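Before any comments, here is the structure.
Chains as they are written, first to last, in the working numbering: chain A, 11 to 637; chain B, 312 to 413.
Below you can see the structure in the form of C-alpha cells.
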C-alpha cells in the first residue's frame, strides 16, 4: 500500500513537464527541453515499476482520492485514481512505450524548430492518457478522453504550415467528436439512472438496476460504444486515422498506434458489466470489430504510403480487439492491446527511421533494398512485422491473435462468422505485412540512404523488438502448458470467458488452421511481390476498380463528403449573409435612419425651434379640447 | 361703472399673444425676439387679471405678480445671453447663431 500512495505522481510528472515546457520552453536549450520532456516520462515509468512491484505483492483494487473536484447537486466527482490489474497494464504500457518514444523523439525532432512545443504536447498527452485509464469516475475519465483528443489534434497538425496537415488534424478532431458526443449522452444516461458517475458504483449497481437485455442497458452500451468507435477508429468512424499520419512519426507511434486509439478498448473493458447486460450491444461490438478488421486489412494491401499501410493495419488490429470484446474475451482483448502496443510502436518507429533516411520518402515502391543499407532497422522491423503477421510460436502477435480467434470460435458468445472474419483477417494481415517487408527491404535499392540513426533512435527499436517477440510468452494457449499470466492477472477485474462445452478438443485444429492462414498469406505475398517480378502490376491492373476502391479506404471519405461535408458547406455558403442576423441588422438600420432624420431637425435656427414648440403646443391643446 | 365684458379682455389678451408669437417667429433680431416674448408673457398676465376680476378672486393678481417676477428673472438671463452672443458673433442675428446644428 505504501508505494501505491504515490500513484498520483504517475500522471503528475508528465503534467509538470508539459507545464514547464509550455511556460518556459521557448527560452530553453534543446538539451534542457529533451531532459525535461523525456525525463518526466522516464520518472513516471520508474514510479509505475515501483508501484507495479508493490501491487504484485498485494494485488487488489486501490482507490486513491487526490482531492474533491467539484460538487453540483448530487454530482460530486473527485480527482480519484483507481488502480487495479487492468489500469496497471495500461499505465505500464503508456509510460513504458511512452518513455521509449520520448527518447526516440529526442533525436527524431532535433532539427525541428517546434522542439519545446512538441515535447509539451507529448507530455500533456501522456498525462491525459494516464488520467483516462486511472480515472475512478467517468467524469475524470472523460477529462482524460478529451485531453488525449486535444493532444492528438495538436500533434497531427504539428507542422501546421502545410494546410493539408491542419485539414487532417481537424478531420481527426471532428470525427472523434462525433463519437465523444455519443459517449457524453451515454454518461448522462448513466447518471440519470445511477445518480453517480463513479465507475465501481455503476458496475456493482447495474445488474440490479437494469434487467438482462433491457433496452436502456442496450442504449447505454451502444452510446458508450459510439465513443469507443470514434476514439479507436472503428467502423463507421474509422477514416480519420489514415489521415492522422500527417503528424510526426513518433506521434503516430505513441498516439495513433500504441495508446490513444486503444482507449475505446479500455472503455469497453472497464464498463464490461454494462455491455454484458445487453447481448445486442455485445454482438454489435463483435460485428463492428469483424467488419473493421476486414475492410481495413484489405485497404492496407493496396496502400503505397508506408505510414498509411501501418495506419490501416492499426485499425485492423484494433478491430481484432473489438472482436474479442464482442465475444466476451476481455483478457484476450487486453492481451492483444499489450502485444500490439509494442510491435506497432516498433513498426512506426522503424518507419520513422526509414523515412528520415530516405529524404522523407513515403512511397514503399521507391524504397527497396534497405535490408543491406539499414541492417539493424531491418532486424527490428522484421521482428515487429513477424509479430503483426502472427508468425507461429516465436512472436507475441501469434499468441494474442490465436487467443482471440480461439474465443471467437469457442467462446460462449462466439460464432463461426466472427471466427471466419478473424481468420480471413489473419490471412490478409500476413499478406500485407509480407508485401510491406518485401517491397521495402528486399529487391534493388531505389533511393540512397542519406542518414543513419543514432543511439537515441536505435535503443528504443532494440528494446521494442525484444518485447515484440517475448511478451507473447506471458500468455500461452491452454493446451500448450499452464502459463496464462495476463488473464490470471486480470481475473480480479475481468471475468474469464466461458467456453462452449466440448470445444476444447478442437483447439489444436484451430491453431493449425490459424497458422495455415498466416503462412498462406505470407506465401501469397512472397509469390506476388518477390517470386515473380512484375506480377503485382498485373494483379493490380486486372483488379483495377476493386484496387482503387480499397486504396481509397472503401470510399468512406467520399461517402461522408457527400452525406455530411457537402450539405454543411452548402448551407454555410447559402447562409453566408447570416439570415437570422438580418433581423437585427434591420433593426439597427431603422434606428440609424431615424437618428439621421431627427438629427436634421437640429438645424441650429432658433425660429424653427420656436415654431416646433408652437405647433406642438397647438397640437396638445387641440387634442385636449377635442379628444 | 359698467364692467368691461370679459370677452373684450380675453380677445385683447389673445391678440397680444398672437402678435408676440408671430413676431418671435418672424423677427431675426434677438432683442426684438426678447421683447416679443415679454409681450406674450404680459398677454398671459392680462388673461389672468381678467379671469380674476370675473370671479372676484385674488388668484389672478397673484399669478400676475408671479409672472412679473419670472419675467424679471428671465430678462436678466436673456440679456446676459444676448451680450454673450453679441460678444462672440458680433451680430444680433439669431440665424447666425446656428453652430449647434445636428
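Each residue gets a CB set at the ideal place from its N, CA and C atoms; glycine is no exception.
Keep in mind the model is a prediction, meaning the values are calculated, not measured.
Unbroken beta strand (DSSP E) run spanning residue 78(A), endpoints: 72 to 78
For residue 398(B), three-class secondary structure by DSSP: helix
Proximity test, residue 16(A) beta-carbon vs the ligand FAD heavy atom, cut-off 7 angstroms: No copy of the ligand FAD occurs in the structure displayed, which carries no ligand at all.
Alpha-carbon to alpha-carbon, residue 421(A) and residue 510(A): 6 angstroms
Closer than 8 angstroms to chain B by CB, residue 622(A): no
Cβ pair count under 8 angstroms reaching 3, the stretch 461 to 471 of chain A against the stretch 357 to 367 of chain A: yes
Under the three-state DSSP convention, the category residue 295(A) falls into: helix
Partners in chain A for residue 402(B), counting only beta-carbon separations shorter than 8 angstroms: Those do not exist, as residue 402(B) stays about 13 angstroms from chain A at its closest Cβ, beyond 8 angstroms.
Chain A contact for residue 335(B) (CB, 8 angstroms cutoff): yes
Under 9 angstroms by beta carbon: chain A residues contacting residue 332(B): 620 and 624
Beta-carbon proximity list for residue 303(A), same chain, < 6 angstroms, skipping 5 on both sides: 326, 329, 330 and 435
Beta strand (DSSP E) segment containing residue 101(A), residue limits: From DSSP, residue 101(A) is part of no beta strand (DSSP E) but of the alpha helix (DSSP H) over 95 to 118.
Residues that residue 617(A) contacts on chain B, provided the C-beta gap is smaller than 9 angstroms: 335, 336, 337, 338, 339, 344, 405 and 406
For residue 27(A), three-class secondary structure by DSSP: helix
Helix, strand or coil at residue 313(A) according to DSSP, with G and I counted as helix: coil
Same chain only: Cβ atoms within 6 angstroms of residue 136(A), ignoring 5 sequence neighbours per side: 24, 51 and 108
Close Cβ partners of residue 595(A) (< 7 angstroms) along its chain, the five nearest in sequence each way excluded: none
Counted within 10 angstroms of its Cβ, other Cβ atoms place residue 605(A) as buried (16 or more) or exposed: exposed
Cβ shell of residue 527(A) (< 6 angstroms), same chain only, five flanking positions each side left out: 433, 436 and 437
Buried/exposed call for residue 36(A), threshold 16 Cβ in 10 Å: exposed
Range of the contiguous alpha helix (DSSP H) that encloses residue 538(A): Note, residue 538(A): premise wrong, no alpha helix (DSSP H); not H, not E.
Through-space distance from residue 442(A) to residue 532(A), alpha-carbon basis: 8 angstroms
Which residues DSSP lists as bridging residue 340(B), in chain order: 404(B)
Whether residue 202(A) touches residue 182(A) by CB criterion (8 angstroms): no
DSSP bridge partner residues for residue 88(A) (one or two, in chain order): 78(A)
C-beta contact flag for residue 111(A) and residue 257(A) at 8 angstroms: no
Pair within 8 angstroms by beta-carbon distance, residue 154(A) and residue 142(A): yes
Rounded separation between residue 150(A) and residue 220(A) - CA only: 24 angstroms
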